[in-house]
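Chains as they are written, first to last, in our numbering: chain A, 96 to 198; chain B, 17 to 214.
Here it is as structure tokens:
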């Protein structure tokens, strides 16, 4: 837990204080990708060696679709309800920035 | 990228199924912890150096932050309600919902710090979210307005669903989508480990 926050915080602090040059950004991107693939393969290995989870993948798939649909529905409802309030706040700034009336 | 992600999991799964020696399991934890830190530093560097996005946020005013905030609250409440129907504990459903569509990160985080089953579920849930977003963005843009069209994408409106948003909406909305996706992406590695521990 602390390790997660520490690593992330370190990255953000360094990235913000010293924005990366294009080569360094590529390097950081490569590091992220390597880390991600090691973790993906490890997740795969844990899955592959766990027959209970393998047998339950179909059930997990159905649960996944339901959870995703509810998350999307929640987000859509929240933004829909606040839409007009947010636009009222943004209108001036958008039109000022672009020199035209916004929607 | 999606194909590579699936290949990586498949290679791991085959290795785990057939040829992973027992002695390797101990090393695996050290290796994955190192990989996790490496990945998070990289993600942090990327988020931190997006100065242009953060500058745009200031130009648009803080009210624009309401959008990622509302998307986050809606996702979490939605996932908890969905999880309740499925009989999932609140810590699992909320942490899965906190992936905001970033399937690779939420999946590997939960597989690493909690359980592989929850990790797999988070992975599949957030893949589904991205697919649903691709389908809904053009429809919502027409029916409920451009701002609402940002909401299904969650964290993905920073990268994968951004081109579609820019096609389905206008330039202002695309910038708002990028700011919103960046803010949500920054929340994923914070919220997922926090919520799984409730």
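For every residue, glycine included, the Cβ atom is placed at its ideal position computed from N, Cα and C.
So which residues of chain A does residue i contact, with C-beta pairs closer than 7 angstroms?
{"i": "residue 150(B)", "result": "Chain A residues near residue 150(B): none, gap ~11 angstroms exceeds 7 angstroms."}
{"i": "residue 86(B)", "result": "173, 174, 177"}
{"i": "residue 144(B)", "result": "159, 160, 163"}
{"i": "residue 205(B)", "result": "99, 103"}
{"i": "residue 48(B)", "result": "133, 134, 137"}
{"i": "residue 122(B)", "result": "Near residue 122(B) there are no residues of chain A at all, since even the closest Cβ is about 11 angstroms away, more than 7 angstroms."}
{"i": "residue 30(B)", "result": "143"}
Just the C-alpha distance for residue i and residue j, rounded to the nearest angstrom, thanks.
{"i": "residue 193(A)", "j": "residue 186(A)", "result": "The predicted model places residue 193(A) with a pLDDT of 49, which falls under 50 and marks its position as unreliable, so this point remains unresolved."}
{"i": "residue 149(A)", "j": "residue 141(A)", "result": "10 angstroms"}
{"i": "residue 131(A)", "j": "residue 137(B)", "result": "17 angstroms"}
{"i": "residue 170(A)", "j": "residue 170(B)", "result": "8 angstroms"}
{"i": "residue 172(A)", "j": "residue 90(B)", "result": "7 angstroms"}
{"i": "residue 157(B)", "j": "residue 21(B)", "result": "30 angstroms"}
{"i": "residue 193(B)", "j": "residue 85(B)", "result": "13 angstroms"}
{"i": "residue 96(A)", "j": "residue 145(A)", "result": "25 angstroms"}
{"i": "residue 100(B)", "j": "residue 119(A)", "result": "45 angstroms"}
{"i": "residue 204(B)", "j": "residue 188(A)", "result": "29 angstroms"}
{"i": "residue 143(A)", "j": "residue 167(B)", "result": "34 angstroms"}
{"i": "residue 52(B)", "j": "residue 207(B)", "result": "16 angstroms"}
{"i": "residue 106(B)", "j": "residue 96(B)", "result": "6 angstroms"}
{"i": "residue 32(B)", "j": "residue 174(A)", "result": "43 angstroms"}
{"i": "residue 147(A)", "j": "residue 133(B)", "result": "9 angstroms"}
{"i": "residue 152(A)", "j": "residue 123(B)", "result": "14 angstroms"}
{"i": "residue 172(B)", "j": "residue 167(A)", "result": "13 angstroms"}
{"i": "residue 47(B)", "j": "residue 128(B)", "result": "11 angstroms"}
{"i": "residue 116(B)", "j": "residue 35(B)", "result": "34 angstroms"}
{"i": "residue 67(B)", "j": "residue 78(B)", "result": "16 angstroms"}
Along the alpha helix (DSSP H) that carries residue i, what are the first and last residues, could you check?
{"i": "residue 140(B)", "result": "132 to 159"}
{"i": "residue 71(B)", "result": "67 to 76"}
{"i": "residue 99(B)", "result": "82 to 102"}
{"i": "residue 184(B)", "result": "178 to 184"}
{"i": "residue 194(B)", "result": "187 to 211"}
{"i": "residue 122(B)", "result": "119 to 129"}
{"i": "residue 149(A)", "result": "146 to 150"}
{"i": "residue 163(B)", "result": "162 to 166"}
In terms of alpha-carbon separation, which member of the options lies closest to residue i?
{"i": "residue 28(B)", "options": "124(A), 137(A), 154(A)", "result": "137(A)"}
{"i": "residue 165(A)", "options": "102(B), 194(B), 82(B)", "result": "102(B)"}
{"i": "residue 125(B)", "options": "174(A), 135(A), 122(A)", "result": "135(A)"}
{"i": "residue 199(B)", "options": "107(B), 179(B), 82(B)", "result": "82(B)"}
{"i": "residue 210(B)", "options": "142(B), 77(B), 112(B)", "result": "112(B)"}
{"i": "residue 118(B)", "options": "30(B), 176(B), 63(B)", "result": "176(B)"}
{"i": "residue 154(A)", "options": "141(B), 162(B), 164(B), 151(B)", "result": "141(B)"}
{"i": "residue 143(B)", "options": "121(B), 163(B), 128(B), 131(B)", "result": "121(B)"}
{"i": "residue 162(A)", "options": "59(B), 150(B), 93(B)", "result": "93(B)"}
{"i": "residue 101(A)", "options": "88(B), 55(B), 69(B)", "result": "55(B)"}
{"i": "residue 145(B)", "options": "87(B), 23(B), 74(B), 104(B)", "result": "87(B)"}
{"i": "residue 25(B)", "options": "160(A), 139(A), 158(A)", "result": "139(A)"}
Which class does residue i belong to by DSSP, given the choice of helix, strand or coil?
{"i": "residue 124(A)", "result": "helix"}
{"i": "residue 17(B)", "result": "coil"}
{"i": "residue 59(B)", "result": "helix"}
{"i": "residue 114(B)", "result": "coil"}
{"i": "residue 214(B)", "result": "coil"}
{"i": "residue 175(B)", "result": "coil"}
{"i": "residue 96(A)", "result": "coil"}
{"i": "residue 102(A)", "result": "helix"}
{"i": "residue 116(A)", "result": "coil"}
{"i": "residue 193(A)", "result": "Since pLDDT at residue 193(A) reaches only 49, below the 50 mark, its modelled position is unreliable, and the value read off the structure follows with that caveat. Three-state result, residue 193(A): helix."}
{"i": "residue 198(A)", "result": "Residue placement at residue 198(A) cannot be trusted, given a pLDDT of 43 that sits under 50; the coordinates are not used to answer."}
Under 7 angstroms between beta-carbons, which chain B residues line up against residue i? List them in chain order, please.
{"i": "residue 114(A)", "result": "65, 67"}
{"i": "residue 150(A)", "result": "Chain B residues near residue 150(A): none, gap ~11 angstroms exceeds 7 angstroms."}
{"i": "residue 223(A)", "result": "Past the edges of chain A, shown from 96 to 198, lies residue 223(A), and the structure says nothing about it."}
Return yes when the C-beta of residue i is under 6 angstroms from any heavy atom of the ligand PLP, and no when it is not.
{"i": "residue 47(B)", "result": "Inclusion of the ligand PLP in the displayed structure is not the case, the ligand content being empty and no account of it being possible."}
Would residue i pass as an interface residue toward chain E - the criterion being a Cβ-Cβ separation below 7 angstroms?
{"i": "residue 154(A)", "result": "Here the protein chains are A and B, and chain E is not one of them."}
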